[in-house]
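One structure below.
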Amino acid sequence: MTPSDLFFSALQSLRSNTMRSVLTALGIIIGVGAVITIVAIGAGAQANVEKVIEQIGSNMLTISPGQARDGGAAQGAASRPTLTAEDANAMKTVPGVTAVAPEVRGPVQVILGNQRTNAVGITEDYFTVRGWKMSRGRNFEDWEIDAGEKIVILGSTVAEKVFPGSDPLGQIIRLDRVPFTVMGVTAAKGQSSFGQNQDDVIFVPLKTAQQRLLGGRLIKPDSVQQIAVLGRIPKELDIIERDLAELLRDRHAIVPGRADDFMIRNTAEIFQARAGVVDVMTLLLTAIASVSLLVGGIGIMNIMLVSVTERTREIGVRMAIGASRSDVMMQFLIEALALSMIGGIIGIVLGMVCAQLTAHFAGWPLRIEVSSILLAVGFSAAVGIFFGYYPARKAARLDPIEALRYA
Amino acid sequence: MSRNGTAVVQTIDLRKEYRMGTNVVNALAGVSVRIETGEFVAVMGPSGSGKTTFMNLLGCLDRPSSGKYLFEGHEVSAYDHTDLARLRNQKIGFVFQNFNLLPRITALDNVALPLAYGKLPRSERRTRAAKALEEVGLGDRMDHRPVQLSGGQQQRVAIARAIVGSPSLILADEPTGALDTKTGVEIMGILQTLNDRGITIVLVTHEHDIAEHAGRVLTFRDGRMIRDEKGMGRRAGAPAPQGQPHLVAVAGH
Chain A
301 MTPSDLFFSA
311 LQSLRSNTMR
321 SVLTALGIII
331 GVGAVITIVA
341 IGAGAQANVE
351 KVIEQIGSNM
361 LTISPGQARD
371 GGAAQGAASR
381 PTLTAEDANA
391 MKTVPGVTAV
401 APEVRGPVQV
411 ILGNQRTNAV
421 GITEDYFTVR
431 GWKMSRGRNF
441 EDWEIDAGEK
451 IVILGSTVAE
461 KVFPGSDPLG
471 QIIRLDRVPF
481 TVMGVTAAKG
491 QSSFGQNQDD
501 VIFVPLKTAQ
511 QRLLGGRLIK
521 PDSVQQIAVL
531 GRIPKELDII
541 ERDLAELLRD
551 RHAIVPGRAD
561 DFMIRNTAEI
571 FQARAGVVDV
581 MTLLLTAIAS
591 VSLLVGGIGI
601 MNIMLVSVTE
611 RTREIGVRMA
621 IGASRSDVMM
631 QFLIEALALS
641 MIGGIIGIVL
651 GMVCAQLTAH
661 FAGWPLRIEV
671 SSILLAVGFS
681 AAVGIFFGYY
691 PARKAARLDP
701 IEALRYA
Chain B
3 MSRNGTAVVQ
13 TIDLRKEYRM
23 GTNVVNALAG
33 VSVRIETGEF
43 VAVMGPSGSG
53 KTTFMNLLGC
63 LDRPSSGKYL
73 FEGHEVSAYD
83 HTDLARLRNQ
93 KIGFVFQNFN
103 LLPRITALDN
113 VALPLAYGKL
123 PRSERRTRAA
133 KALEEVGLGD
143 RMDHRPVQLS
153 GGQQQRVAIA
163 RAIVGSPSLI
173 LADEPTGALD
183 TKTGVEIMGI
193 LQTLNDRGIT
203 IVLVTHEHDI
213 AEHAGRVLTF
223 RDGRMIRDEK
233 GMGRRAGAPA
243 PQGQPHLVAV
253 AGH
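Protein sequence lines correspond, in order, to chains A and B.
Read in order, the letters of the first sequence correspond to residues 301 to 707 in the numbering used here.
Read in order, the letters of the second sequence correspond to residues 3 to 255 in the numbering used here.
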């Protein structure tokens, strides 16, 4: 019997009992389909996280006013305005720091068009640090920020809403009744990882925001809500973080033994931790789906045992006309293998469709890895051989005389 | 018939014991027989006489407990499973009472099956299987499945399967047992034709008129061969479509 003989004979035999074959393969189909889907979803989520990290930059630290403690009770972040523009300036001297971007943020009313949006007070470095690009016009210049000029850069959503179909550059826009001149428009950035529209925003020079727009809400006139710091290379971030903490403790006159009044976070690390959770979940779900493969394999073994019994006489005839034990063994092994492989292939197709649908609705990139397909094929083959072995051996060990006498 | 040449089958004190709990059953209690090339031998005896055990041993489906079995001069008692399978494939053709065709494949594929185990290329298998089917007069039924064929036709397919590998020995176990008398006579005619061409045939039957086709009748009882009658000749009027029914003439080569 050549391999192709065995293969066609196996297909023939499976086809002669179509319903049974389909039901038996179903266990493998579901198992493989589930594994492919879960791995693809996990990879998609991973890719999504990577995209976010790429957006926020992997060598960025953010510093926010830290938890103030009141008799031991934490009062939550930003409960005390401990950070100032001066702190931000001082940070520029820390070795390895390439850019520092302090910011204040608050809601403002846009008179023209009567919209509410967020105003963000920034310095020149902000766009570099946060990964924004200009689509039109220009960035603020140092002197404009220092002078507290009444100029703005519009987020793309605001630009479209307030100046539909016209060029906003040089136009006057009133924020809380204060007139500002539009200097530029940023390129669209899309949704944040939390689903907010990041382009619904107006940028103003930091000093202007502090003094003219959000002054009333700031506890100290030059306080900032957050400072983003860009390091030269990701590897140095740990050292920079330590140096920054030292600098701030020094500047804020915190005596040793007392807690920091600021918080330094490595944002990329947070997302990486999130990605780690996704990895663990993927692994867990894959393990659960693999159980289905195992159950499917047992189903194959069961049906193959039934098949061997039903075809006892056929086995006897085959042996009488010259089939050796290994011929019979191969026949049933190939049959089990064909069953599991066909199930595996259908499962792969099913899994890819499910992954596609999930990616489509979740809005993240579809990532079906070749390795997971190869793994699924290999695994279903292994299941077929492993669970087909015992029935095949049973068939091969039949006594031809007994088998021929079998009614 | 010469006693000096190599016999197709030679058994020397062939024994087979079965263990049934504490009892030992002597299914075959020492049988010595020699069957020459070209012989047509009938094996008779009541059930439990050991004739089936004898046939199973001749067909290399089983191995003796003791004694010797020489097939074409080779001692096969010591062969392992694989060697026995190859011997059955190359040298022995089986014809069963209930045909034992594989139900899901065509007559042609059934006949070609032994050649598949003989590892012949597919095209040659088909050619030779078609030729064998034509020899038994079923050239026009090649693509039929067993259920689409009558009992006699199924048995002819089975005979074609037995001869397709050009075996030295055909073992037929009650080949007419499941057929009506007329069809049975046809089947015996085909077997005789094959015998006329020099193929050795050993046939189990309990019908005397079937046994009369054979040139030699071995009678078994209680695990022993109690009679070995030769020269009975063929029953007058039995169909012998071609060749001369002279066993001696064929046995020479």
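Glycine is no exception: its CB is placed at the ideal position from the N, C-alpha and C atoms.
Practice task
Return no unless some Cβ of chain A is closer than 9 Å to the Cβ of Leu-16 (chain B).
Solution key: On the second sequence, position 14 is the one that residue 16 (chain B) refers to. Closer than 9 Å: no.
Practice task
Look at Ala-109 (chain B) and Val-166 (chain B) and say whether their C-beta atoms are less than 9 Å apart.
Solution key: Within the second sequence, the letter at position 107 stands for residue 109 (chain B). Within the second sequence, the letter at position 164 stands for residue 166 (chain B). It is not a contact, given that the beta carbons lie outside the stated cut-off.
Problem - Own chain residues within Cβ distance below 8 Å of Arg-147 (chain B), not counting five before or after - result: One-based indexing of the second sequence puts residue 147 (chain B) at position 145. Closer than 8 Å at Cβ, skipping near neighbours: Pro-105, Arg-106, Ile-107, Thr-108 and Ala-109.
Exercise for the section: For Tyr-71 (chain B), write down the residues that DSSP places opposite it in a beta bridge. Expected result: Here the question's residue 71 (chain B) lines up with position 69 in the second sequence. In DSSP, Tyr-71 (chain B) forms a bridge with B:Thr-13.
Practice task
Please decide whether Ala-620 (chain A) counts as near chain B, where near means a Cβ-Cβ distance under 9 Å.
Solution key: As a working mapping, residue 620 (chain A) is identified with position 320 in the first sequence. It does; some Cβ of chain B falls within 9 Å.
Exercise for the section: Return the first residue and the last residue of the alpha helix (DSSP H) that Asn-317 (chain A) is part of. Expected result: For this step, residue 317 (chain A) is matched to residue 17 along the first sequence. Run containing Asn-317 (chain A): none; DSSP gives neither H nor E here.
Practice task
Within 10 angstroms of the Cβ of Asn-25 (chain B), are there 16 or more other Cβ atoms? Answer buried if so, exposed if not.
Solution key: Residue mapping note: residue 25 (chain B) aligns to position 23 of the second sequence, counting from 1. By the 10 Å Cβ count, Asn-25 (chain B) comes out exposed.
Handout entry: Against chain A: residues of the stretch 82–94 of chain B by CB proximity under 8 Å
Key = His-83, Thr-84, Ala-87, Arg-88, Arg-90, Asn-91 and Gln-92
Exercise for the section: Give a yes or no on whether the minimum CB-CB distance between Ala-174 (chain B) and chain A is below 9 Å. Expected result: Indexing the second sequence from 1 puts residue 174 (chain B) at position 172. Using beta-carbon distances, Ala-174 (chain B) does not count as an interface residue toward chain A, since no partner is under 9 Å.
Exercise for the section: Determine the DSSP secondary structure at Tyr-706 (chain A), reduced to helix, strand or coil. Expected result: The residue labelled residue 706 (chain A) in the question sits at position 406 within the first sequence. Of the three classes helix, strand and coil, the one that applies to Tyr-706 (chain A) here is coil, per DSSP.
Handout entry: Integer-rounded CB distance, given that Gly-651 (chain A) should sit under 8 Å from Ser-680 (chain A)
Key = Taking the first residue of the first sequence as position 1, residue 680 (chain A) is located at position 380. Taking the first residue of the first sequence as position 1, residue 651 (chain A) is located at position 351. Here Ser-680 (chain A) is actually not in contact with Gly-651 (chain A); their C-beta atoms are around 12 Å apart, not less than 8 Å.
Practice task
Residues of the stretch 620–634 of chain A with a CB closer than 8 Å to any CB of chain B: list them in chain order, please.
Solution key: Ala-620, Ile-621, Gly-622, Ala-623, Ser-624, Arg-625, Ser-626 and Asp-627
Handout entry: For Gly-684 (chain A), the first and last residue of its enclosing alpha helix (DSSP H)
Key = As a first step, residue 684 (chain A) is located in the first sequence; it is residue number 384 there, counting from the start. Note, Gly-684 (chain A): alpha helix (DSSP H), 670–696.
Handout entry: Segments assigned alpha helix (DSSP H), at least 4 residues, entirely inside the stretch 505–554 of chain A
Key = 537–551
Practice task
With DSSP as the reference, label Phe-98 (chain B) as helix, strand or coil.
Solution key: Reading the second sequence from its first residue, position 96 is the one you call residue 98 (chain B). Phe-98 (chain B) falls in the coil class under three-state DSSP.
Handout entry: Glu-41 (chain B) burial status per 10 Å Cβ neighbour count (16 or more: buried)
Key = Here the question's residue 41 (chain B) lines up with position 39 in the second sequence. Buried, since its Cβ has 16 or more Cβ neighbours within 10 Å.
Problem - Backbone CA spacing between Ala-695 (chain A) and Asn-602 (chain A) [nearest angstrom] - result: Start at 1 with the first residue of the first sequence, and residue 695 (chain A) comes out as number 395. Start at 1 with the first residue of the first sequence, and residue 602 (chain A) comes out as number 302. Cα-Cα distance, rounded: 14 Å.
Practice task
Ignore the nearest five residues each way along the sequence and tell me which others in Gly-154 (chain B)'s own chain have a CB closer than 7 Å to its CB.
Solution key: Taking the second sequence and counting its residues from 1, the one referred to as residue 154 (chain B) is at position 152. For Gly-154 (chain B), where only same-chain residues beyond five positions count, the Cβ hits under 7 Å are Leu-181, Thr-185, Glu-188 and Ile-189.
Practice task
Throw me the rounded Cβ distance for the Pro-177 (chain B) and Lys-93 (chain B) pair, which I believe falls under 8 Å.
Solution key: For the purposes of this step, residue 177 (chain B) is identified with residue 175 of the second sequence, where counting begins at 1. For the purposes of this step, residue 93 (chain B) is identified with residue 91 of the second sequence, where counting begins at 1. Not confirmed; about 19 Å, so no contact.
Problem - Option nearest Glu-536 (chain A) by Cα separation, candidates A:Phe-307, A:Val-397, A:Tyr-690 and A:Ile-341 - result: Within the first sequence, numbered from 1, the residue matching residue 536 (chain A) stands at position 236. Nearest C-alpha to Glu-536 (chain A): A:Val-397.
Exercise for the section: Put Phe-427 (chain A) into one of helix, strand or coil per three-state DSSP. Expected result: Here residue 427 (chain A) corresponds to residue number 127 of the first sequence, with the count starting at 1. Helix, per DSSP.
Practice task
Under 7 Å between beta-carbons, which chain A residues line up against Asn-58 (chain B)? List them in chain order, please.
Solution key: Walking along the second sequence from the start, residue 58 (chain B) turns up at place 56. Ile-701, listed in chain order.
Practice task
Could you check the C-alpha separation between Arg-436 (chain A) and Pro-665 (chain A) for me, to the nearest Å?
Solution key: On the first sequence, position 136 is the one that residue 436 (chain A) refers to. On the first sequence, position 365 is the one that residue 665 (chain A) refers to. Answer to the nearest angstrom: the Cα atoms are 29 Å apart.
Handout entry: Under 9 Å between C-beta atoms of Thr-428 (chain A) and Phe-440 (chain A)
Key = Taking the first sequence and counting its residues from 1, the one referred to as residue 428 (chain A) is at position 128. Taking the first sequence and counting its residues from 1, the one referred to as residue 440 (chain A) is at position 140. No, Cβ-Cβ distance for Thr-428 (chain A) and Phe-440 (chain A) is not below 9 Å.
Problem - Closer than 8 Å at the beta carbon, the chain B residues around Arg-613 (chain A) - result: Your numbering for residue 613 (chain A) matches position 313 in the first sequence. Neighbours of Arg-613 (chain A) on chain B, chain order: Asn-102.
Handout entry: Limits of the unbroken beta strand (DSSP E) element including Met-301 (chain A)
Key = Counting from 1 along the first sequence, the entry for residue 301 (chain A) is found at position 1. Unbroken run through Met-301 (chain A): none, as it is neither H nor E.
Exercise for the section: Run the CB neighbour count on Pro-116 (chain B), radius 10 Å, all protein chains shown included, and call it buried at 16 or more, exposed below. Expected result: Counted from its first residue, the second sequence places residue 116 (chain B) at position 114. Buried.
Handout entry: Cβ-based neighbour list, Ala-378 (chain A), same chain, cut-off 7 Å, excluding 5 preceding and 5 following
Key = By one-based count along the first sequence, residue 378 (chain A) stands at place 78. The predicted position of Ala-378 (chain A) is uncertain, since its pLDDT is 46 and thus under 50; a value taken from the coordinates is nonetheless stated next. The answer, listed in chain order, is Ser-364, Pro-365 and Gln-525.
Practice task
Provide the residue span of the beta strand (DSSP E) that contains Val-33 (chain B), from first to last.
Solution key: For the purposes of this step, residue 33 (chain B) is identified with residue 31 of the second sequence, where counting begins at 1. Segment 25–37, the beta strand (DSSP E) holding Val-33 (chain B).
Problem - Neighbourhood of Gly-333 (chain A) by C-beta distance below 7 Å, restricted to the same chain and skipping five residues each side - result: The residue given as residue 333 (chain A) occupies position 33 in the first sequence. Contacts found: Gly-647, Leu-650, Gly-651 and Cys-654.
Problem - CB of Lys-18 (chain B) within 9 Å of CB of Leu-59 (chain B), strictly - result: Stepping through the second sequence from its first residue, residue 18 (chain B) is reached at position 16. Stepping through the second sequence from its first residue, residue 59 (chain B) is reached at position 57. For the 9 Å CB-CB criterion, Lys-18 (chain B) and Leu-59 (chain B) form a contact.
Practice task
Figure out for me which residue from A:Val-485, A:Gly-484 and A:Val-501 has the closest Cα to the Cα of Gln-491 (chain A).
Solution key: Along the first sequence, one-based indexing puts residue 491 (chain A) at 191. The shortest C-alpha separation from Gln-491 (chain A) is found at A:Val-501.
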